[in-house]
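For our numbering, add 215 to where a residue sits in the sequence shown, where the first one is 1.
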Amino acid sequence: MRRRIVLALVMLSLGCASGGGGSGAGAGGGGAPRRNSSVITLEEIEAVDVTNAYDLIQRLRPQYLRPAGGGDPVVLYVDGTRRQGLGDLRSLAKSSVREVRYLDSTEATTMHGTNHRSGAIHVMTRR
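Encoded structure:
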């Protein structure tokens with residue numbers, strides 16, 4: 216039951232983050248679309264020449280990997296399942312990654328409970 220709730224929350228957050236036109240750069244204008252700093256999209260993933268998910272994040276959004284204030288490590292989830300640590304990203308091939316999403320400490324604690332002081336990284340794979 217908990218897994219279904221977590222999955223529903225992840226899907227809800229995906230829908231909220233991807234919706235709407237807005238008036239920022241790229242909204243009907245000639246500029247490039249604005250990059251969402253909390254999401255690494257499939258388009259971005261495919262454009263980077265790396266082999267694993269750790270190197271992908273390190274190249275595109277290195278701040279995801281840094282603990283807040285030098286404290287607790289960032290927690291990793293792959294397809295909704297908590298993993299041992301960020302080192303698990305090195306064994307995940309870039310070609311299997313569909314999206315990477317960073318949740319700050321508040322979002323991660325709301326979704327997963329306590330012990331997410333540095334936030335969480337959610338990796339969704341191409342299943």
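Every residue gets a Cβ at the ideal spot worked out from N, C-alpha and C, and that includes glycine.
Can you name the start and end residues of the alpha helix (DSSP H) that residue i belongs to?
i	result
residue 331	Counting along the chain, residue 331 falls outside any alpha helix (DSSP H), and DSSP gives it neither H nor E.
Taking DSSP as the reference, what is the three-state secondary structure of residue i?
i	result
residue 256	coil
residue 297	strand
residue 323	helix
Between which two residues does the beta strand (DSSP E) harbouring residue i extend?
i	result
residue 312	312–318
Since I believe residue j is in contact with residue i (beta carbons under 8 Å), could you give me their beta-carbon distance rounded to a whole number of angstroms?
i	j	result
residue 293	residue 338	5 Å
residue 256	residue 314	6 Å
residue 309	residue 268	6 Å
residue 329	residue 311	Contact doesn't hold; Cβ gap of about 30 Å is too wide.
Using DSSP's beta-bridge definition, name the partner residues of residue i.
i	result
residue 337	292, 316
residue 308	267
Self-check item: In chain order, each alpha helix (DSSP H) run of at least 4 residues that lies wholly inside the region 267–293
Solution: With a minimum length of 4 residues, the continuous alpha helix (DSSP H) runs that stay inside the region 267–293 are 268–275.
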